[in-house]
Amino acid sequence: MRLLTPTGNKRFNELIGFLCITLAVLIALALLSYSPKDASFNVSAAAIDGSPARACLTLAAQIDGCEVRTVESLAPSAGRLGILQAAFKRNHALQCGFCTAGILMSCADYLKRVPDPTETQVREMLSGHLCRCTGYTPIVAAVLDVAALRNKINESIKKEPEHA
Ligand code: FES
Numbered sequence: 254m255r256l257l258t259p260t261g262n263k264r265f266n267e268l269i270g271f272l273c274i275t276l277a278v279l280i281a282l283a284l285l286s287y288s289p290k291d292a293s294f295n296v297s298a299a300a301i302d303g304s305p306a307r308a309c310l311t312l313a314a315q316i317d318g319c320e321v322r323t324v325e326s327l328a329p330s331a332g333r334l335g336i337l338q339a340a341f342k343r344n345h346a347l348q349c350g351f352c353t354a355g356i357l358m359s360c361a362d363y364l365k366r367v368p369d370p371t372e373t374q375v376r377e378m379l380s381g382h383l384c385r386c387t388g389y390t391p392i393v394a395a396v397l398d399v400a401a402l403r404n405k406i407n408e409s410i411k412k413e414p415e416h417a
């Protein structure tokens, strides 16, 4: 590899060449060892076989034959919002929407695993996301809103007398 530098220093050129090759090898190794299922949700979130993954870092060949769900899967039908999406709208939990798809998918997955989270737990869960607009408080409120609503529904189902 021959690089042109303002100084024309051969040792400098060799060092730059070595660093470029090393960087290329490290990137290749990182890509080969990366599994999309290991990643936490972020901006470009999807659920691959039910597990959170970053769609932007996932090669199509890695998910051949897998079930892939995106944020659209949270809606019961076209033109209707799912319970979590409705809570986001109600609590003003999105502004520009850049982060929203990823956060919605992450929250949906989290609420399946932790149906009655505390505010602190929700904030910890969101720590892998970057929202530049909301300050997170409305997002946390929306998640807690959904948890409370689901728990209320579950309680009323338990209290309902059985019909003979
Ligand atoms: S709503 Fe704009 S980044 Fe989250």
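With positions in the sequence shown counted from 1, the corresponding number in this note's numbering is that position plus 253. Ideal placement from N, C-alpha and C gives every residue a C-beta, glycine not left out.
Below 8 Å on the Cβ atoms is my contact criterion, and I expect residue i with residue j to pass it. Report the Cβ-Cβ distance as a whole number of Å.
| i | j | result |
| --- | --- | --- |
| Cys349 | Cys386 | 5 Å |
| Val399 | Leu364 | 6 Å |
| Pro494 | Arg333 | Past the edges of the chain, shown from 254 to 417, lies residue 494, and the structure says nothing about it. |
Please return the same chain residues whose Cβ sits closer than 8 Å to the Cβ of residue i, not counting the five positions on each side in sequence.
| i | result |
| --- | --- |
| Arg376 | Tyr389, Val393 |
| Glu372 | Val393, Leu397 |
| Gln374 | Val367 |
| Lys342 | Leu334 |
| Ala277 | none |
| Ser409 | none |
| Leu285 | Reliability of the predicted coordinates at Leu285 is poor, the pLDDT of 48 falling under 50, and the value obtained from them is presented with this limitation in mind. Counting only Cβ-Cβ distances below 8 Å, and skipping sequence neighbours, we find nothing. |
What does a CB cutoff of less than 7 Å around residue i pick up in its chain, not counting 5 residues either side in sequence?
| i | result |
| --- | --- |
| Leu327 | Gly335, Leu337, Gln338, Leu357, Ala361 |
| Asn344 | Pro391, Ala394, Ala395, Asp398 |
Just to confirm my understanding: we take residue i, look at its own chain, exclude 5 residues before and 5 after, and list those with CB closer than 6 Å. What are they?
| i | result |
| --- | --- |
| Glu413 | none |
| Glu320 | Asp302 |
| Val324 | Ala354, Leu357, Met358 |
| Cys384 | Cys352 |
| Met378 | Tyr363 |
| Ala299 | Ala306, Ala308, Val321, Thr323 |
| Asn340 | Note on residue identity: the sequence assigns Ala, not Asn, to residue 340. Within the same chain, Ala340 has close Cβ partners Ala395, Asp398, Val399. |
(message) Give the list of continuous beta strand (DSSP E) stretches no shorter than 3 residues that lie fully inside the stretch 290-375.
(response) Within the stretch 290-375, the complete beta strand (DSSP E) segments of 3 residues or longer fall at 298-301, 304-307, listed in chain order.
(message) Run the Cβ filter for me: residues under 5 Å from any heavy atom of the ligand FES, listed in the order they occur in the chain.
(response) Leu347, Gln348, Cys349, Phe351, Cys352, Cys384, Arg385, Cys386
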